[in-house]
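Numbering (my numbering), first residue to last: 232 to 488.
Below is one structure, written out as structure tokens, with a few remarks after it.
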Ligand code: APR
């Protein structure tokens, strides 16, 4: 039996399967990863995207943010067969939740074609880059019109209440929303199979979720083109492209169910 077949058998027989995803699942959609060759942190200084910088210099932050946003999402992006395969696994009743570090909204888009009850629970742990939130009144708005204002030199963009808008993402130096992190940890602990997909697993606290799952005897599978610091905790390592391995995994699970 191949590793993929044995993982498919575990998923088919599991009560709770949870996936954690990182930038690698969106790379085939044309969204650059953060690290590694051609990663965005090779072209942009991550020190300029902290919450402290946003507070000190919101106008400069927003000018840099515009460039980062265009580099990441500028060409128009769509879900790829990796996102689709996870949505299908959920629709088939084999995937409870997707915890994602990505802010690109592609899991929601892939699941959007499913009836609501078939969608996985989705926790966007680092927020969603297609929204902004007012720092003062908490109002959320779509990002596109705000980005258009920034492009026209309206920096920092302000809400009608006078507060400054912030991208609705978790910046360096900001805490993850407490409720989402608690829920993610509970799901990791409850899982029988935990899939860590396309994340370098170097940014905490999300990176610790696979070990929390493995610590409660879940089968931990890591899908990644490269090694991660948690490979020794994993019982299955699939060193492959998400667009290749996830559709094959979905099909192998369906064959066994
Ligand atoms: N298939 C499988 N794995 C892939 C693929 C692919 N097609 N393409 C890239 N990968 C893997 C890389 O090998 C790498 O380990 O995806 C991983 C991407 O790692 P990072 O760029 O570090 O992205 P991520 O782990 O999601 O980053 C975490 O860092 O700066 C932050 O907030 C940002 O959410 C992000 C966090």
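By construction, the Cβ of each residue, glycine as well, lies at the ideal position given by its N, Cα and C atoms.
All values derive from a computational prediction rather than experimental measurement.
Closer than 7 Å: residue i CB and nearest the ligand APR heavy atom
i: residue 511; result: Here the chain has residues from 232 to 488 only, and residue 511 is not among them.
i: residue 265; result: yes
i: residue 472; result: yes
i: residue 262; result: no
i: residue 248; result: no
i: residue 495; result: The requested residue 495 does not occur in the structure, where the chain is confined to residues 232 to 488.
i: residue 210; result: Since the displayed the chain opens at 232 and closes at 488, residue 210 lies outside it and no answer follows.
i: residue 357; result: yes
i: residue 332; result: yes
i: residue 298; result: no
i: residue 254; result: yes
i: residue 467; result: no
i: residue 455; result: yes
i: residue 281; result: no
i: residue 459; result: yes
i: residue 431; result: yes
i: residue 278; result: no
i: residue 270; result: yes
Check whether residue i and residue j have beta carbons under 8 Å apart
i: residue 242; j: residue 424; result: yes
i: residue 249; j: residue 418; result: yes
i: residue 341; j: residue 353; result: no
i: residue 487; j: residue 316; result: no
i: residue 407; j: residue 251; result: no
i: residue 400; j: residue 331; result: no
i: residue 190; j: residue 484; result: Outside the shown range of the chain (232 to 488) lies residue 190, about which nothing can therefore be said.
i: residue 313; j: residue 259; result: yes
i: residue 396; j: residue 363; result: yes
i: residue 263; j: residue 253; result: no
i: residue 420; j: residue 444; result: yes
i: residue 296; j: residue 398; result: yes
i: residue 367; j: residue 394; result: yes
i: residue 467; j: residue 238; result: yes
i: residue 427; j: residue 451; result: yes
i: residue 449; j: residue 422; result: yes
i: residue 328; j: residue 349; result: no
Euclidean distance between Cα positions of residue i and residue j
i: residue 370; j: residue 359; result: 14 Å
i: residue 178; j: residue 453; result: Any property of residue 178 remains undetermined from this structure, which presents the chain solely from 232 to 488.
i: residue 308; j: residue 337; result: 8 Å
i: residue 458; j: residue 372; result: 38 Å
i: residue 405; j: residue 233; result: 42 Å
i: residue 240; j: residue 361; result: 37 Å
i: residue 275; j: residue 382; result: 18 Å
i: residue 380; j: residue 462; result: 44 Å
i: residue 429; j: residue 267; result: 12 Å
i: residue 284; j: residue 298; result: 16 Å
i: residue 387; j: residue 265; result: 25 Å
i: residue 292; j: residue 412; result: 26 Å
i: residue 475; j: residue 300; result: 28 Å
i: residue 435; j: residue 415; result: 13 Å
i: residue 306; j: residue 261; result: 8 Å
i: residue 277; j: residue 244; result: 42 Å
i: residue 310; j: residue 376; result: 23 Å
i: residue 355; j: residue 471; result: 24 Å
i: residue 273; j: residue 279; result: 13 Å
i: residue 288; j: residue 235; result: 49 Å
Residues bridged to residue i [DSSP beta-bridge criterion]
i: residue 362; result: 373
i: residue 395; result: 389
i: residue 250; result: 329 and 426
i: residue 400; result: 358
i: residue 345; result: DSSP lists no partner for residue 345.
i: residue 353; result: 329
Ranges of the alpha helix (DSSP H) found wholly within the stretch 273-341, counting only runs of at least 4 | 282-287, 289-304 and 312-322
Which ranges would you report for the beta strand (DSSP E) in the stretch 425-487 if only whole runs of at least 3 residues count?
-> 450-454 and 467-469
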